[in-house]
Amino acid sequence: MPVVLIVDDDDNQRLLYSEELRYEGYEIIQANCGQDAIKAVEEGGVDLVVLDIAMPGMDGIETLGRILDINGQIPVVLNTAYSSYKDNFMTWAADAYVVKSSDLSGLKEHIACALQKRAAEAGPRPPEER
């Protein structure tokens, strides 16, 4: 079961995404700020990050850079209420950029695609890792 880290300073948003993604079969870890997200990635076991951009303190763009410094192979889906961040070249390092919506089908699709892409790039795992 893939482990998805949801990073958002909005408690309700994190709860909604957690419930929806658990229903899709993902294991969920939550973080409400960039620092906690970085700690979770450092601890390992995170297969994909869903990352809000507009957060107090360390914003999602800085968090993205720090996460990729730790693990450049981890898929990151930026999920924000603002389409204007697409112009920031740092967001191009993410696997996907999704504008928040009440319809989560686009977010779910990007998560599934990013995980499939990384699995294909990694190739088959030895039997002892399955």
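Each residue of the sequence shown is one higher than the one before, starting from -19 at the first, in this note's numbering.
Beta carbons: idealized from backbone N, C-alpha and C, even for Gly.
Using the beta-carbon count (16 or more within 10 Å), is residue i buried or exposed?
{"i": "I9", "result": "buried"}
{"i": "Q96", "result": "exposed"}
{"i": "Y(-3)", "result": "buried"}
{"i": "M(-19)", "result": "exposed"}
{"i": "D(-9)", "result": "exposed"}
{"i": "A17", "result": "buried"}
{"i": "P55", "result": "buried"}
{"i": "D(-12)", "result": "buried"}
{"i": "A11", "result": "buried"}
{"i": "L132", "result": "This structure gives no information on residue 132, because the portion of the chain shown stretches from -19 to 110."}
{"i": "Y3", "result": "exposed"}
{"i": "A94", "result": "buried"}
{"i": "A20", "result": "buried"}
Taking the Cβ atom as the reference point for each residue, do residue i and residue j lie within a distance shorter than 8 Å?
{"i": "L44", "j": "A73", "result": "yes"}
{"i": "E22", "j": "I(-14)", "result": "no"}
{"i": "V29", "j": "L1", "result": "no"}
{"i": "G25", "j": "E42", "result": "no"}
{"i": "T60", "j": "G40", "result": "yes"}
{"i": "V78", "j": "H90", "result": "yes"}
Where do the ends of the beta strand (DSSP E) carrying residue i lie?
{"i": "L84", "result": "Looking at the DSSP string, L84 is not in any beta strand (DSSP E), and its letter there is neither H nor E."}
{"i": "V(-13)", "result": "V(-17) to V(-13)"}
{"i": "A17", "result": "Counting along the chain, A17 falls outside any beta strand (DSSP E), though it belongs to the alpha helix (DSSP H) covering G14 to E23."}
{"i": "A76", "result": "A76 to V79"}
{"i": "V30", "result": "L28 to L31"}
Output the boundary residues of the alpha helix (DSSP H) element that contains residue i.
{"i": "N(-8)", "result": "D(-9) to Y3"}
{"i": "Q53", "result": "Neither: Q53 is in no alpha helix (DSSP H) and is coded neither H nor E."}
{"i": "I9", "result": "Looking at the DSSP string, I9 is not in any alpha helix (DSSP H); the run it does join, the beta strand (DSSP E), is E7 to A11."}
Using 8 Å for Cβ pairs, my map puts residue i next to residue j. What's the rounded Cβ distance?
{"i": "A113", "j": "L48", "result": "What is shown of the chain runs -19 to 110, which leaves residue 113 out entirely."}
To which residues of the same chain is residue i closer than 6 Å at the C-beta, ignoring the five residues directly before and after it?
{"i": "A100", "result": "none"}
{"i": "R98", "result": "P55"}
{"i": "D27", "result": "P(-18) and V(-17)"}
Might you give, ordered along the chain, the residues of its own chain that have their beta carbon closer than 7 Å to the beta carbon of residue i, omitting 5 neighbours on each side?
{"i": "M35", "result": "D(-11), C13 and G14"}
Only counting the same chain, and skipping five residues up and downstream in sequence, which positions put a Cβ closer than 8 Å to that of residue i?
{"i": "E7", "result": "M(-19), P(-18), V(-17) and V(-16)"}
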